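In what follows, a single structure is set out as structure tokens and then discussed.
Protein chains in written order, with my numbering: chain A, 380 to 710; chain B, 380 to 710.
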């Protein structure tokens, strides 16, 4: 646990130092955000806030995870989770870069984003499938049952991977929202992995390395939130949201805990689900809207709830869900 | 740990239910806040927000602590901590009540507040002194040394008790500030008490009961923050801030952890210290101010930092300090 705490502290310290270096640089390079035209009107004031701030937590998280992980198991579970975070983060980086170069809210087209995501997801799912310690099973939380999916594991995990990173991306719509909710998710992942390591000494190092990566994300995000909490001085951009989604889903992939995502990452899931409901309802009714705006947090916003109150509500619900998720892993 | 998690969940659920009952009632009874005339001008808009909202977390915390604590040890450590929270909370309640009845920001005079606080503190310090499991020693964190103060223990603890509750009261100046910082403190206290219980089986039930009370505070405060985060719909009032201070210092009293307060409760300590510096500097210089305004969070506010950013900064620093404080208690 001491090692885990030092990981958080180290990543936090690096993010705190990176912020005042990266933010002025992003501003100077004119990496300001072009606000999406279809978003709430009140978001116009956010125009010009630099994006791509995700590197403020992503770089410290990677460094801290590599520096504090247990060497003998570093290139097993941890590597898959790191590749997931880095790979999806890179897709987000390219998207951000194109938006900036084109001075537009349009980066990659949806298809151009989805194709590399699916390719990466297939690679990660096959990699996990072929690892005998991960295999084709998922743990059913709270019931302590292993559910063997056979070869069906691969399409299911591709769906989970692509779904999670895009859900994280959708949740990144209010100051501090995804950063804070993600931080609680990684606190839960760190504690769950420590509990699983205690229960399974044969895989302890592998599981503790995942906990270390989760702790590194917690520290990095806490440091980032110093600059991203309302009123935000920097946005994480797609590089940040895809990195968070990739890190989180990568951790659940290697620990077989993907079924926990609808609990600890309910905020992300609801973002996607509300988007899908909105789209399906709009199609079915030929133009009516189910929510005032999707994803869900914009619906609350247009219902008159102040941005900071929505974010606090998401934090509180996420924190409680993460706490409840621990019930399946502690005595 | 499962019991602790359920305590948090129960207190949270009660607070969530109490909020929508208590807030309209406080409004109807015209328990709105008269904003302190010497505070920042921007706080005028907070006029009329109901206060005394502390009961939203205090009542659930008390009920959950009593319901989930281990019966055989309930009337030992836990009782002292509960009396501390309730006793100081009651002094705050009287202060709030007088403010409301008089429609003024002036409740009890400083002397009228201090006298019962000192009496209560002497009672609590003597009570702890006479308990052989608590005695006249303080644990020096990170060094694992017991420091025996002899009879000097009593005046020192009176200072710590009175100082902490008034520091908590001073910190209660921005939306969500004391509630959130206090919540992190109680998370730390809960985890530390669980770690201490594992290391000391003879006192396990006593220490776990303190953890249960801390968990009850975490749940109650999380629920309260749903209504207190910016823009606040209710303030905790002195009943809330004194209850938090009393609960926190009561827990450190019975666990001998008072020397941990400058770490986990640095935000509170800095509020008092900045007030004292301001006062002393003003006296010494015949009218110059060291801070733009004391306590410290108002200095940041008048320096142009947005309220929500100050609160986020206090949360982040407190969370990191609480995490670091765990280093002294885990392997």
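Think of the CB as a built atom: it goes at the ideal place given N, C-alpha and C, for glycine as much as any other residue. In this text, all values refer to a predicted model and were calculated from it rather than measured experimentally.
*What is the C-beta distance between residue 495(B) and residue 613(B), in whole angstroms, given that I count them as a contact (C-beta under 8 Å)?*
For the purposes of this step, residue 495(B) is taken as the residue at position 116 of the second chain. For the purposes of this step, residue 613(B) is taken as the residue at position 234 of the second chain. Going by Cβ atoms, the distance from residue 495(B) to residue 613(B) rounds to 25 Å, so no, they are not a contact pair.
*List the residues of chain B whose Cβ lies closer than 8 Å to the Cβ of residue 381(A), in chain order.*
Your numbering for residue 381(A) matches position 2 in the first chain. What residue 381(A) touches in chain B: 706, 709 and 710.
*So residue 646(B) packs on residue 627(B), CB below 8 Å; how close in whole Å?*
Numbered from 1 along the second chain, position 267 holds the residue referred to as residue 646(B). Numbered from 1 along the second chain, position 248 holds the residue referred to as residue 627(B). So it is not a contact: roughly 12 Å between Cβ atoms.
*With residue 526(A) as the anchor, note down where its beta strand (DSSP E) starts and where it stops.*
Counting from 1 along the first chain, the entry for residue 526(A) is found at position 147. Its beta strand (DSSP E) spans residues 524-527.
*Host beta strand (DSSP E) of residue 516(A) (start-end)*: Along the first chain, read from residue 1 onward, the residue named residue 516(A) stands at position 137. Residues 516-519.
*Would you say residue 460(A) and residue 599(A) are within 7 Å of each other, going by their C-beta atoms?*
Numbered from 1 along the first chain, position 81 holds the residue referred to as residue 460(A). Numbered from 1 along the first chain, position 220 holds the residue referred to as residue 599(A). It is not a contact, given that the beta carbons lie outside the stated cut-off.
*Since residue 678(A) is in the alpha helix (DSSP H), which residue starts that stretch and which ends it?*
Against the first chain, residue 678(A) aligns to sequence position 299. Per DSSP, residue 678(A) belongs to the alpha helix (DSSP H) from 675-681.
*Cβ neighbour criterion (16 or more within 10 Å) applied to residue 526(A)*: One-based indexing of the first chain puts residue 526(A) at position 147. Exposed, because fewer than 16 other Cβ atoms sit within 10 Å of the Cβ of residue 526(A).
*residue 492(A) to residue 474(A) span [Cα, whole Å]*: Against the first chain, residue 492(A) aligns to sequence position 113. Against the first chain, residue 474(A) aligns to sequence position 95. C-alpha separation (whole angstroms): 8 Å.
*Cβ of residue 576(B) less than 7 Å from any chain A Cβ?*
Position 197 of the second chain, counted from the start, is the residue given in the question as residue 576(B). Answer no: the Cβ-Cβ gap between residue 576(B) and chain A never drops below 7 Å.
_Cross-chain neighbours of residue 702(B) in chain A, by beta carbon under 8 Å_ = The sequence position of residue 702(B) within the second chain is 323, counting from 1. Ordered by position in chain A, the residues that pass the 8 Å Cβ test against residue 702(B) are 384, 387 and 388.
_Give the list of continuous alpha helix (DSSP H) stretches no shorter than 4 residues that lie fully inside the region 461-523 of chain A._
489-509
*Starting from residue 609(A), find everything on chain B with Cβ-Cβ shorter than 9 Å and list it in chain order.*
Along the first chain, read from residue 1 onward, the residue named residue 609(A) stands at position 230. Chain B residues near residue 609(A): 609, 685, 687, 688 and 691.
*Rounded straight-line distance, which links the Cα of residue 441(B) to that of residue 394(A)*: Residue numbering aside, residue 394(A) sits at position 15 when the first chain is read from its first letter. Residue numbering aside, residue 441(B) sits at position 62 when the second chain is read from its first letter. Taking the straight line from one Cα to the other gives about 39 Å.
*For the region 460-469 of chain B and the region 618-625 of chain B, state whether three or more C-beta atom pairs, one from each stretch, are separated by less than 8 Å.*
yes
*In chain order, what residues of the region 516-541 of chain A put their CB closer than 9 Å to some CB of chain B?*
none
*Measuring alpha carbon to alpha carbon, tell me which of 648(B), 574(B) and 476(B) ends up nearest residue 381(A).*
In the first chain, counting from the first residue as 1, residue 381(A) sits at position 2. Of 648(B), 574(B) and 476(B), the residue nearest in Cα terms is 574(B).
*Is residue 586(A) near residue 576(A), with beta carbons less than 7 Å apart?*
As a first step, residue 586(A) is located in the first chain; it is residue number 207 there, counting from the start. As a first step, residue 576(A) is located in the first chain; it is residue number 197 there, counting from the start. Cβ atoms of residue 586(A) and residue 576(A): closer than 7 Å.
*Can you pull the chain B residues whose beta carbon is under 8 Å from the beta carbon of residue 605(A), in chain order?*
Numbered from 1 along the first chain, position 226 holds the residue referred to as residue 605(A). The contacting residues are 691, 692 and 695.
*Taking Cβ positions, are residue 597(B) and residue 642(B) nearer each other than 7 Å?*
Translated into positions along the second chain, residue 597(B) becomes position 218. Translated into positions along the second chain, residue 642(B) becomes position 263. Going by C-beta atoms, residue 597(B) is not nearer than 7 Å to residue 642(B).
*Leaving out five residues before and five after residue 521(B) in sequence, what residues of the same chain have Cβ atoms less than 6 Å from its Cβ?*
Residue numbering aside, residue 521(B) sits at position 142 when the second chain is read from its first letter. Once the five neighbours on either side are set aside, the close Cβ partners of residue 521(B) are 707.
_Within 7 Å, strictly: CB atoms of residue 563(B) and residue 698(B)_ = By 1-based counting over the second chain, the position of residue 563(B) is 184. By 1-based counting over the second chain, the position of residue 698(B) is 319. Contact flag set, yes.
*Report the residue ranges of all alpha helix (DSSP H) runs contained in full by the region 577-652 of chain A; include only those spanning at least 4 residues, in chain order.*
583-607, 616-633 and 640-643
*Can a CB atom of chain A be found closer than 7 Å to the CB of residue 601(B)?*
On the second chain, position 222 is the one that residue 601(B) refers to. Judged by the 7 Å Cβ criterion, residue 601(B) is in contact with chain A.
*asked:* Measuring straight from C-alpha to C-alpha, what distance separates residue 654(B) and residue 686(B)?
replied: Here residue 654(B) corresponds to residue number 275 of the second chain, with the count starting at 1. Here residue 686(B) corresponds to residue number 307 of the second chain, with the count starting at 1. Distance between the alpha carbons of residue 654(B) and residue 686(B): 19 Å.
*asked:* Beta-carbon within less than 7 Å of residue 610(A)'s beta-carbon, same chain only, minus the 5 sequence neighbours each way: which residues are those?
replied: Along the first chain, read from residue 1 onward, the residue named residue 610(A) stands at position 231. The residues are 554.
*asked:* Let me check understanding here. Comparing Cα to Cα, which of 545(A), 533(A) and 569(A) lies closest to residue 468(A)?
replied: Mapped onto the first chain, residue 468(A) falls at position 89. The residue with the shortest Cα to Cα distance from residue 468(A) is 545(A).
*chain A residues whose Cβ lies nearer than 7 Å to that of residue 391(B)*: In the second chain, residue 391(B) corresponds to position 12, counting from 1. By Cβ distance, chain A contributes 699.
*CA nearest to the CA of residue 502(B), picked from 538(B), 481(B), 529(B) and 485(B)*: Translated into the one-based positions of the second chain, residue 502(B) becomes position 123. Selected option, being the one with the closest Cα: 538(B).
_Environment of residue 688(B) [buried if 16+ CB atoms lie within 10 Å]_ = Here residue 688(B) corresponds to residue number 309 of the second chain, with the count starting at 1. Answer is buried; the Cβ neighbour count reaches 16.
*Beta-carbon separation of residue 607(A) and residue 558(A) under 7 Å?*
Here the question's residue 607(A) lines up with position 228 in the first chain. Here the question's residue 558(A) lines up with position 179 in the first chain. Cβ distance < 7 Å, so residue 607(A) and residue 558(A) count as in contact.
*Taking only the alpha-carbon atoms, compute the straight-line gap between residue 696(B) and residue 639(B) and give it to the nearest angstrom.*
On the second chain, position 317 is the one that residue 696(B) refers to. On the second chain, position 260 is the one that residue 639(B) refers to. Rounded to whole angstroms, residue 696(B) to residue 639(B) spans 15 Å at the Cα level.
*Shortest alpha-carbon distance to residue 504(A) belongs to which of 383(A), 529(A) and 519(A)?*
Here the question's residue 504(A) lines up with position 125 in the first chain. That would be 529(A), whose Cα lies nearest to the Cα of residue 504(A).
*May I ask which residues mark the beginning and end of the alpha helix (DSSP H) holding residue 419(B)?*
The residue labelled residue 419(B) in the question sits at position 40 within the second chain. No alpha helix (DSSP H) contains residue 419(B), which DSSP labels as neither H nor E.
*Can you grab the Cα-Cα spacing for the pair residue 682(B) / residue 633(B), in whole Å?*
For the purposes of this step, residue 682(B) is taken as residue 303 along the second chain, with counting starting at 1. For the purposes of this step, residue 633(B) is taken as residue 254 along the second chain, with counting starting at 1. So the two alpha carbons sit approximately 40 Å from each other.
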